[in-house]
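Residue numbers (this note's numbering), protein chains in the order written: chain A, 6 to 335; chain B, 6 to 335.
Here a beta-carbon is modelled for each residue, glycine too, at the ideal position from N, C-alpha and C.
Read the structure below first, then the notes.
Number of protein chains: 2
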Amino acid sequence: MKKIINDPETVVQDALRGMQAAHPDLLSVHYDPAVVVRADAPVQGKVAIISGGGSGHEPLHGGFVGRGMLDAACPGAVFTSPTPDQVLDAVSRCDGGAGALLIVKNYTGDVLNFETAGELAESEVRSVVIDDDVAVKDSLYTAGRRGVGGTVLLEKIVGAAAERGDDLAACVALSERVIASVRSMGLALTSCTVPHVGSPSFELADDEMEIGIGIHGEPGRQRVPVGTASEMVSALLTPIVEDLPFEAGDRVLLFTNSMGGTPLIELYLAHGIAEQLLADRGITVERRLVGPYITSLEMQGMSLTLLRLDDEMIELWDAPVHTPALRWGV
Amino acid sequence: MKKIINDPETVVQDALRGMQAAHPDLLSVHYDPAVVVRADAPVQGKVAIISGGGSGHEPLHGGFVGRGMLDAACPGAVFTSPTPDQVLDAVSRCDGGAGALLIVKNYTGDVLNFETAGELAESEVRSVVIDDDVAVKDSLYTAGRRGVGGTVLLEKIVGAAAERGDDLAACVALSERVIASVRSMGLALTSCTVPHVGSPSFELADDEMEIGIGIHGEPGRQRVPVGTASEMVSALLTPIVEDLPFEAGDRVLLFTNSMGGTPLIELYLAHGIAEQLLADRGITVERRLVGPYITSLEMQGMSLTLLRLDDEMIELWDAPVHTPALRWGV
Numbered sequence: 006m007k008k009i010i011n012d013p014e015t016v017v018q019d020a021l022r023g024m025q026a027a028h029p030d031l032l033s034v035h036y037d038p039a040v041v042v043r044a045d046a047p048v049q050g051k052v053a054i055i056s057g058g059g060s061g062h063e064p065l066h067g068g069f070v071g072r073g074m075l076d077a078a079c080p081g082a083v084f085t086s087p088t089p090d091q092v093l094d095a096v097s098r099c100d101g102g103a104g105a106l107l108i109v110k111n112y113t114g115d116v117l118n119f120e121t122a123g124e125l126a127e128s129e130v131r132s133v134v135i136d137d138d139v140a141v142k143d144s145l146y147t148a149g150r151r152g153v154g155g156t157v158l159l160e161k162i163v164g165a166a167a168e169r170g171d172d173l174a175a176c177v178a179l180s181e182r183v184i185a186s187v188r189s190m191g192l193a194l195t196s197c198t199v200p201h202v203g204s205p206s207f208e209l210a211d212d213e214m215e216i217g218i219g220i221h222g223e224p225g226r227q228r229v230p231v232g233t234a235s236e237m238v239s240a241l242l243t244p245i246v247e248d249l250p251f252e253a254g255d256r257v258l259l260f261t262n263s264m265g266g267t268p269l270i271e272l273y274l275a276h277g278i279a280e281q282l283l284a285d286r287g288i289t290v291e292r293r294l295v296g297p298y299i300t301s302l303e304m305q306g307m308s309l310t311l312l313r314l315d316d317e318m319i320e321l322w323d324a325p326v327h328t329p330a331l332r333w334g335v
Numbered sequence: 006m007k008k009i010i011n012d013p014e015t016v017v018q019d020a021l022r023g024m025q026a027a028h029p030d031l032l033s034v035h036y037d038p039a040v041v042v043r044a045d046a047p048v049q050g051k052v053a054i055i056s057g058g059g060s061g062h063e064p065l066h067g068g069f070v071g072r073g074m075l076d077a078a079c080p081g082a083v084f085t086s087p088t089p090d091q092v093l094d095a096v097s098r099c100d101g102g103a104g105a106l107l108i109v110k111n112y113t114g115d116v117l118n119f120e121t122a123g124e125l126a127e128s129e130v131r132s133v134v135i136d137d138d139v140a141v142k143d144s145l146y147t148a149g150r151r152g153v154g155g156t157v158l159l160e161k162i163v164g165a166a167a168e169r170g171d172d173l174a175a176c177v178a179l180s181e182r183v184i185a186s187v188r189s190m191g192l193a194l195t196s197c198t199v200p201h202v203g204s205p206s207f208e209l210a211d212d213e214m215e216i217g218i219g220i221h222g223e224p225g226r227q228r229v230p231v232g233t234a235s236e237m238v239s240a241l242l243t244p245i246v247e248d249l250p251f252e253a254g255d256r257v258l259l260f261t262n263s264m265g266g267t268p269l270i271e272l273y274l275a276h277g278i279a280e281q282l283l284a285d286r287g288i289t290v291e292r293r294l295v296g297p298y299i300t301s302l303e304m305q306g307m308s309l310t311l312l313r314l315d316d317e318m319i320e321l322w323d324a325p326v327h328t329p330a331l332r333w334g335v
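Below, the structure written as structure tokens:
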């Protein structure tokens with residue numbers, strides 16, 4: 006295992022120290038329990054938007070804490086759900102009197118622990134579960150579909166709604182609309198290695214890729230020989246489009262995501278192909294996001310996410326955001 | 006070779022198509038010769054800031070085209086200098102009457118081809134050569150030190166100066182001041198594979214890392230067993246600090262860069278260690294940049310860059326920038 010770490014047992018807290026050092030103006034990091042909080046929290050009168058999950062998917066979620074997006078993120082151990090006390094701590098630090106919305110990716114442990122925290126919290130708390138991965142029905146860590154790339158778009162859009170003053174019920178309703186309109190799928194060219202495990206999560210032959218991979222290296226739909234970029238993009242985009250389905254005339258946000266180890270030159274290349282395939286179907290790409298935003302440590306591979314946009318979602322997507330990983334209008 | 010590409014021979018132009026699709030509002034991409042141009046070029050009365058170099062280091066340089074940074078970038082083939090006609094084309098598209106500054110990384114081919122273009126151009130053209138890598142004196146592609154991470158900081162700072170209206174002579178003088186104040190060094194945990202070569206650029210054993218690696222995989226100072234993150238950061242930071250030298254009381258920008266395949270969790274971890282080591286020396290980190298900004302395809306590894314700041318550099322660093330890879334204040 007070759008990694009830039011000191012000790013597999015302290016990777017998460019050591020990385021949090023670096024995040025705090027890198028973004029002193031944006032973040033306030035707490036270590037026991039581990040919570041990344043917006044520096045000016047609690048914001049009075051604003052719904053607190055809180056998310057979290059296993060570490061190893063950076064910048065998700067800590068990199069999305071800040072104005073116009075998350076009030077707090079709860080980082081679990083690598084690929085492990087955060088505990089209820091982390092979520093409770095985040096709620097108590099961020100509730101500015103308008104309650105808190107918990108954004109939960111659909112994994113069994115996450116759903117259970119966020120739910121427990123929601124029940125124990127003294128604040129008014131609602132939660133939404135995102136399950137945008139079309140690859141598989143159930144999986145290693147999930148009943149139902151997994152939450153993946155759509156989470157990034159949901160956190161941005163509902164974060165902007167909370168920032169402009171939408172109340173908790175409105176934030177929940179908007180979240181449900183985004184969740185109903187977003188679909189994703191990913192592929193892996195290589196595995197990743199969890200630090201405290203020390204060996205690759207799975208094995209892929211030198212000429213193989215896994216289509217429909219999960220963000221923890223969970224199995225997908227099939228292993229096939231590595232093809233061309235056009236074949237890869239089509240293998241992801243076709244099931245995504247057919248699932249919702251996205252149709253000619255739809256306006257969409259296209260999010261082309263690296264799993265962590267794929268360089269930007271390949272990601273842009275794939276993005277260009279995806280734009281062309283969507284144009285061929287008469288689907289209009291109105292907004293884009295290209296980069297490593299929800300990753301699986303050093304895994305090489307990519308995912309595509311499509312969100313069907315309406316005017317309000319576009320306005321909220323374009324609204325100012327100031328976080329370590331996404332920033333515009335500020 | 007596992008890559009998300011269609012054809013090793015067309016990787017650069019295929020990726021440029023994706024960049025154009027992803028950033029229609031920011032960039033205007035030309036393909037013959039290949040030049041990435043700011044969408045509103047030429048900006049009348051503004052010095053044009055132009056850079057370029059081999060592809061495979063994305064987002065450098067095309068990702069830094071836009072308001073407050075570069076007017077154009079000339080992407081060569083992967084790890085190959087751009088040709089003089091690319092640079093000439095960039096100059097003619099971007100000169101708004103105030104001349105052009107060419108920012109050249111110190112590699113023999115780059116220096117020669119940018120120099121040739123400067124001589125052939127009808128515009129007033131000056132060039133500066135950046136050579137911030139303290140690892141080795143000469144190398145495979147260089148007489149003298151190599152240009153690496155400092156290039157990103159130089160492009161941002163001199164780009165802001167041009168944007169506020171500094172003339173060509175002032176931009177040259179500022180560039181020389183930045184170049185005199187910036188030092189870098191990198192390390193690799195894994196090699197990378199150039200698409201049209203198809204095999205790794207070099208071999209590293211499972212327990213080895215290369216200290217002082219170049220951004221094309223050129224040999225560095227030494228191969229040593231993989232150590233802890235603290236040992237790695239110290240192995241980079243000590244020679245950087247001692248070279249200038251940076252001294253107690255200095256104010257610096259610390260840039261912690263991924264070589265492309267290193268995940269953000271490791272990069273933040275390393276950044277935190279570097280901040281602590283600088284604090285121990287009485288050096289004040291005033292600004293930071295953490296992420297994959299000058300890469301070597303999918304290479305795992307990192308580099309550190311330190312820039313000694315003065316008030317004007319801080320003002321120019323903070324000035325608005327709107328490019329695919331760096332954006333703030335807009």
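Can at least three beta-carbon pairs, one atom from the stretch 70-81 of chain B and one from the stretch 303-315 of chain B, be found at a separation below 8 Å? no
Answer yes or no: does any C-beta atom of chain B fall closer than 8 Å to that of A27 of chain A? By 1-based counting over the first sequence, the position of residue 27 of chain A is 22. Chain B contact via Cβ: present.
Can you grab the Cα-Cα spacing for the pair A103 of chain A / P244 of chain B, in whole Å? Position 98 of the first sequence, counted from the first residue, corresponds to residue 103 of chain A. Position 239 of the second sequence, counted from the first residue, corresponds to residue 244 of chain B. Straight-line Cα distance between these residues: approximately 52 Å.
Determine, for K8 of chain B, whether the minimum Cβ-Cβ distance to residues of chain A falls below 8 Å. For the purposes of this step, residue 8 of chain B is taken as the residue at position 3 of the second sequence. Taking Cβ atoms only, chain A reaches closer than 8 Å to K8 of chain B, which makes this a yes.
Between which two residues does the alpha helix (DSSP H) harbouring R98 of chain A extend? Locating residue 98 of chain A in the first sequence gives position 93, counting from the first residue. Unbroken alpha helix (DSSP H) run through R98 of chain A: 89-99.
Between the Cα of T261 of chain B and those of B:V157, B:S180, B:L314, spot the shortest distance and give me the residue it belongs to. Along the second sequence, read from residue 1 onward, the residue named residue 261 of chain B stands at position 256. Minimum Cα distance to T261 of chain B is reached at B:V157.
If we ignore side chains and look at the alpha-carbon of each, how far apart do L272 of chain B and G296 of chain B end up? Position 267 of the second sequence holds residue 272 of chain B. Position 291 of the second sequence holds residue 296 of chain B. Going from the Cα of L272 of chain B to the Cα of G296 of chain B covers about 7 Å.
Where M24 of chain A and V41 of chain A are concerned, what is the direct C-alpha to C-alpha distance, given to the nearest angstrom? Counting from one through the first sequence, the residue named residue 24 of chain A turns up at place 19. Counting from one through the first sequence, the residue named residue 41 of chain A turns up at place 36. C-alpha separation (whole angstroms): 9 Å.
At the level of alpha carbons, what is the spacing between L32 of chain A and V183 of chain B? Position 27 of the first sequence, counted from the start, is the residue given in the question as residue 32 of chain A. Position 178 of the second sequence, counted from the start, is the residue given in the question as residue 183 of chain B. Approximately 30 Å between the Cα atoms of the pair.
Paired residues, beta bridge with Y36 of chain B - DSSP: Here residue 36 of chain B refers to the residue found at position 31 of the second sequence. In DSSP, Y36 of chain B forms a bridge with B:A39.
Outcome for Q91 of chain A when other beta-carbon atoms lying within 10 angstroms are tallied against a minimum of 16: As a working mapping, residue 91 of chain A is identified with position 86 in the first sequence. The residue in question, Q91 of chain A, is buried, as its Cβ has 16 or more Cβ neighbours within 10 Å.
By the criterion of Cβ-Cβ separation under 9 Å, what are the contact partners of V16 of chain A in chain B? Against the first sequence, residue 16 of chain A aligns to sequence position 11. Residues of chain B passing the Cβ test: I270, E271, L274.
Listed by chain order, chain B residues near M24 of chain A by CB distance under 7 Å: Taking the first residue of the first sequence as position 1, residue 24 of chain A is located at position 19. When 7 Å is used as the limit between beta carbons, M24 of chain A is near these residues of chain B: Y273, in chain order.
Quick one: what's K110 of chain B bridged to in DSSP? On the second sequence, residue 110 of chain B is found 105 positions in, with the first residue counted as 1. The partner list for K110 of chain B (beta bridge, DSSP) reads B:I135.
Interface positions of the stretch 232-249 of chain B facing chain A (Cβ-Cβ less than 7 Å), listed along the chain: Residues T233, A234, S235, M237.
Check I218 of chain B in the structure and name its three-state DSSP category. As a first step, residue 218 of chain B is located in the second sequence; it is residue number 213 there, counting from the start. Correct three-state label for I218 of chain B: coil.
Could you have a look at Q305 of chain A and say whether DSSP puts it in helix, strand or coil? Counted from its first residue, the first sequence places residue 305 of chain A at position 300. Residue state, collapsed to three classes: coil.
List the DSSP bridge partners of M318 of chain A. The residue given as residue 318 of chain A occupies position 313 in the first sequence. Paired residue(s): none; M318 of chain A is not in a bridge.
Kindly indicate which three-state DSSP category T328 of chain B falls into: helix, strand or coil? Position 323 of the second sequence, counted from the first residue, corresponds to residue 328 of chain B. Reduced to three states, the DSSP call for T328 of chain B is coil.
What residue from A:R332, A:A253, A:Q281, A:L274 has the CA that sits closest to D12 of chain B's CA? For the purposes of this step, residue 12 of chain B is taken as residue 7 along the second sequence, with counting starting at 1. Comparing Cα-Cα distances from D12 of chain B to each of A:R332, A:A253, A:Q281, A:L274, the minimum goes to A:L274.
How many angstroms separate the CA atom of A53 of chain B from the CA atom of A27 of chain B? The sequence position of residue 53 of chain B within the second sequence is 48, counting from 1. The sequence position of residue 27 of chain B within the second sequence is 22, counting from 1. Spanning the alpha carbons of A53 of chain B and A27 of chain B requires a straight line of approximately 23 Å.
Counting only Cβ pairs nearer than 9 Å, list the residues of chain B close to V153 of chain A. For the purposes of this step, residue 153 of chain A is taken as residue 148 along the first sequence, with counting starting at 1. Within 9 Å Cβ-Cβ: nothing; V153 of chain A doesn't reach chain B, min ~17 Å.
Spatial neighbours of N111 of chain B in its chain, beta-carbon cut-off 7 Å, leaving aside the 5 residues before and after: Residue numbering aside, residue 111 of chain B sits at position 106 when the second sequence is read from its first letter. Hits under 7 Å: V134, I135, D136, T147, G149, R150, R151, G152.
So, does the CB of A20 of chain B fall closer than 8 Å to a CB anywhere in chain A? Within the second sequence, the letter at position 15 stands for residue 20 of chain B. At a cut-off of 8 Å between beta carbons, A20 of chain B contacts chain A.
Which residues does DSSP list as the beta-bridge partners of T310 of chain B? Position 305 of the second sequence holds residue 310 of chain B. Per DSSP, B:S189, B:F260.
List the residues of chain A that Q305 of chain B touches, going by C-beta distances under 9 Å, in chain order. By one-based count along the second sequence, residue 305 of chain B stands at place 300. Within chain A, the residues near Q305 of chain B are K7, K8, I9, G266, E303.
Are the Cβ atoms of G265 of chain B and M304 of chain B separated by less than 8 Å? As a position in the second sequence, residue 265 of chain B is number 260, starting the count at 1. As a position in the second sequence, residue 304 of chain B is number 299, starting the count at 1. For G265 of chain B and M304 of chain B, yes; Cβs fall inside 8 Å.
The beta strand (DSSP E) with I55 of chain B in it runs from where to where? Looking up residue 55 of chain B in the second sequence gives position 50. Per DSSP, I55 of chain B belongs to the beta strand (DSSP E) from 53-60.
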